[in-house]
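**Student:** Chains as they are written, first to last, in our numbering: chain A, 49 to 315; chain B, 902 to 1143. Where is the CB? At the ideal position from N, CA and C, for every residue including glycine. For reference, the structure I am asking about is given below.
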């Protein structure tokens, strides 16, 4: 109950500031927090990244291993992105099976990378219908400071960009690992997820934890390098007008371009 | 690609199930189909067959979930094991948990929860047979069931998907189009308030297509609204009053 009163007070303060075009941390409405990307932080993984987006911090590891394809997708490799909020990341996070928020987080991150077709999955096939390369991109939130959607997505993309794919050679229908030979993953495009929150009539990019605690609704839009919109997820307990949604799609494209430049430096 | 296009749409824009680009599947809604629930509805939306039951406002269990300032809304979207081609494991999947969450958040703005502090309104949705667009159909039934339960509401929630199939924007994506098509965008609207309460997308759309696709879906939502309204009128104003 205390936290509800605090959230109401926070909301009043944040709304008052928004009326003057400012945010509680001094940013403009469409300004993201500083994004710091560090790659190769876990040498035992095939790829890894540590990403800081303001106070939010994520570690992502990419593991690549031999796998069987899904029965109906024999001509494609396997790509699975997950995300979890570690109990040390947030006073309200608990160990145990993931709750609906965490499941949504993981699925939205996965959808962004899958639907933009960032990785050419056809190139991960070793023997059609039998043997493929599987890429597992697991993100852990280690400090939660709001906008976990974008932070996990950026960490996953950075992890993929930094990874090296082992080489398997097919001999007599059996894939065998070739020691010491690796290649870059088959990357087709760079997905950028941009999350916006609506507080009152204002739409702000990259909400902090405080802003999220008093937002009305949230939207995450993922775009690719060609400026297409590939994945959308609305969240939160209220809605948007169609005009606001069109505005959000345009913001996602412009803000996305800046982040994409940062990704390009990793390639 | 060429193969898919001939399968999904003819050159003059007739879709694999014979519909035009802007045509909805057949929709029928029945209100008050369950005896025990406080409100209920059954929808057939193309091949989708979905039941929704509403219980409450009632005591919250577990108690710590209760909110002293407002009622809470809970939602469970569940698919029967026999609802799809391959038997589905009856345990809730991650997909079902996510859909439960987005449906809850789509209904929440329409329900006046402030009137019922410390209580819960439970919405249970059972997909008996699934076709494409089951989350939208489920949402349509759930909103009607909430109205049937006599819960004070600001508006109904009407949902419908649009998508991109064979390079064209189409209304109400069916199962084949969802599997083989280029984009699927489920949308929910509160028609009288003009507010979008659910929006998801997977697929690839140019910015202009994004706008057209959303507009197409919104037109579909408004048509679904008329069907929902008629279903409620049939139960409550049989003699043609009001």
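Can you pull out the residues from the stretch 1099 to 1125 of chain B whose beta carbon lies closer than 7 angstroms to at least one beta carbon of chain A?
**Tutor:** Listed by position, the residues of the stretch 1099 to 1125 of chain B near chain A (Cβ gap below 7 angstroms) are 1099, 1100, 1101, 1102, 1103, 1104, 1105, 1106, 1107, 1108, 1111, 1112, 1115 and 1119.
**Student:** Helix, strand or coil for residue 229/A, going by three-state DSSP, please let me know.
**Tutor:** Correct three-state label for residue 229/A: strand.
**Student:** Tell me, to the nearest whole angstrom, how far the beta carbon of residue 984/B is from that of residue 1054/B; I am working on the premise that it is less than 8 angstroms.
**Tutor:** About 28 angstroms separates the two Cβ atoms, so there is no contact after all.
**Student:** Taking only beta-carbon positions, decide if residue 981/B is within less than 8 angstroms of chain A.
**Tutor:** Output row for residue 981/B: interface = no.
**Student:** Hey, does residue 989/B have any beta-carbon neighbour from chain A nearer than 8 angstroms?
**Tutor:** Chain A contact via Cβ: absent.
**Student:** With a cut-off of 8 angstroms, do at least 3 Cβ pairs link the stretch 987 to 1006 of chain B to the stretch 949 to 957 of chain B?
**Tutor:** With the cut-off at 8 angstroms, the stretch 987 to 1006 of chain B and the stretch 949 to 957 of chain B do not touch.
**Student:** What residues in the stretch 127 to 144 of chain A have a beta carbon less than 7 angstroms from any beta carbon of chain B?
**Tutor:** Of all residues in the stretch 127 to 144 of chain A, none has a Cβ within less than 7 angstroms of some Cβ in chain B.
**Student:** If contacts are defined as beta-carbon pairs under 8 angstroms, then residue 1046/B and residue 940/B qualify, I think. What distance do you get, rounded to the angstrom?
**Tutor:** Going by Cβ atoms, the distance from residue 1046/B to residue 940/B rounds to 5 angstroms, so yes, they are a contact pair.
**Student:** Out of curiosity, what's the CA-to-CA distance linking residue 1123/B and residue 217/A?
**Tutor:** Spanning the two alpha carbons is a distance of roughly 56 angstroms.
**Student:** Pick out the complete alpha helix (DSSP H) segments inside the stretch 967 to 1030 of chain B, 4 residues or longer, and give them in chain order.
**Tutor:** DSSP runs (the alpha helix (DSSP H)) wholly in the stretch 967 to 1030 of chain B: 995 to 1008.
**Student:** Between residue 195/A and chain B, is the shortest Cβ-Cβ distance under 8 angstroms, so that the two count as touching?
**Tutor:** So, not an interface residue.
**Student:** Going along chain A, which residues have a C-beta under 8 angstroms from residue 916/B?
**Tutor:** Chain A residues near residue 916/B: none, gap ~22 angstroms exceeds 8 angstroms.
**Student:** Residue 303/A: buried (16+ other C-beta within 10 angstroms of its C-beta) or exposed?
**Tutor:** Per the 10 Å Cβ criterion, buried.
**Student:** Go to residue 187/A, then tell me how far its alpha helix (DSSP H) extends in each direction, as first and last residue.
**Tutor:** Premise fails: residue 187/A lies in the beta strand (DSSP E), 179 to 191, not in any alpha helix (DSSP H).
**Student:** With distances taken between CB atoms, is the gap from residue 980/B to residue 1028/B smaller than 8 angstroms?
**Tutor:** Yes, they are a contact pair.
**Student:** Give the residues of chain A in contact with residue 1091/B, contact being defined as C-beta atoms less than 9 angstroms apart.
**Tutor:** Going along chain A in sequence order, the residues near residue 1091/B (Cβ under 9 angstroms) are 287.
**Student:** Using Cβ-Cβ distances below 9 angstroms, what residues of the stretch 955 to 971 of chain B are close to chain A?
**Tutor:** Answer set for the stretch 955 to 971 of chain B: 968, 969 and 970.
**Student:** Can you tell which of 1038/B, 1033/B and 1051/B has the C-alpha that lies nearest to the C-alpha of residue 1080/B?
**Tutor:** The candidate whose alpha carbon is nearest that of residue 1080/B is 1033/B.
**Student:** Please name the residue, chosen from 286/A, 314/A and 124/A, that lies closest to residue 114/A on a Cα-to-Cα basis.
**Tutor:** When each option's Cα is compared against that of residue 114/A, the closest is 124/A.
**Student:** Taking residue 115/A as part of the beta strand (DSSP E), name the residues at either end of that continuous run.
**Tutor:** It spans 104 to 115 - the beta strand (DSSP E) in which residue 115/A sits, taken as one unbroken run.
**Student:** Do residue 1041/B and residue 1062/B count as a contact pair if the criterion is CB distance below 8 angstroms?
**Tutor:** For residue 1062/B and residue 1041/B, no; Cβs fall outside 8 angstroms.
**Student:** Could you name the residues of chain A that residue 998/B contacts, counting a contact when the two beta carbons are closer than 7 angstroms?
**Tutor:** Result: 148 and 151.
**Student:** Would residue 1083/B pass as an interface residue toward chain A - the criterion being a Cβ-Cβ separation below 8 angstroms?
**Tutor:** Answer no: the Cβ-Cβ gap between residue 1083/B and chain A never drops below 8 angstroms.
**Student:** Please determine, among 923/B, 1077/B, 917/B and 1128/B, the residue with the shortest C-alpha to C-alpha distance to residue 1148/B.
**Tutor:** Outside the displayed span of chain B (902 to 1143) sits residue 1148/B, for which this structure offers no information.
**Student:** So, are the CB atoms of residue 201/A and residue 241/A less than 8 angstroms apart?
**Tutor:** Yes, they are a contact pair.
**Student:** In this structure, how does DSSP classify residue 262/A when only helix, strand and coil are distinguished?
**Tutor:** Correct three-state label for residue 262/A: coil.
**Student:** Cβ-heavy atom distance between residue 111/A and the ligand ATP below 7 angstroms?
**Tutor:** Looking at this structure, you won't find the ligand ATP or any other ligand, since it has none at all.
**Student:** Would residue 49/A count as contacting chain B if we go by Cβ distances under 8 angstroms?
**Tutor:** The pLDDT assigned to residue 49/A is 46, lower than 50, so where the model puts this residue is not dependable; a value taken from the coordinates is nonetheless given after this. Yes, contact with chain B.
**Student:** Assign residue 92/A to buried or exposed, taking buried as 16 or more other Cβ atoms, counted over all protein chains shown, within 10 Å of its Cβ.
**Tutor:** The residue in question, residue 92/A, is exposed, as its Cβ has fewer than 16 Cβ neighbours within 10 Å.
**Student:** Using C-beta distances below 6 angstroms, list every residue in its chain close to residue 226/A, excluding the 5 sequence neighbours before and after it, in chain order.
**Tutor:** Closer than 6 angstroms at the Cβ level, and outside the excluded window around residue 226/A, lie 215 and 217.
**Student:** Flag this pair as yes or no: are the beta carbons of residue 83/A and residue 307/A separated by less than 8 angstroms?
**Tutor:** Yes; because the gap between Cβ atoms is below 8 angstroms, this pair is in contact.
**Student:** Interface residues of chain B around residue 276/A at Cβ under 7 angstroms?
**Tutor:** In chain order: 1105, 1106 and 1107.
**Student:** Flag this pair as yes or no: are the beta carbons of residue 174/A and residue 223/A separated by less than 8 angstroms?
**Tutor:** Yes, they are a contact pair.
**Student:** Taking Cβ positions only, does residue 169/A come closer than 8 angstroms to chain B?
**Tutor:** No, residue 169/A lies away from the interface with chain B (no Cβ there is under 8 angstroms from its Cβ).
**Student:** Between the stretch 150 to 158 of chain A and the stretch 67 to 77 of chain A, are three or more C-beta pairs nearer than 8 angstroms?
**Tutor:** Too few Cβ pairs lie closer than 8 angstroms, so no.
**Student:** Looking only at its own chain, which residues have a Cβ that is under 7 angstroms from the Cβ of residue 1031/B, when we skip the five neighbours before and after it?
**Tutor:** So the list reads 949, 980, 984 and 985, once near-sequence residues are dropped.
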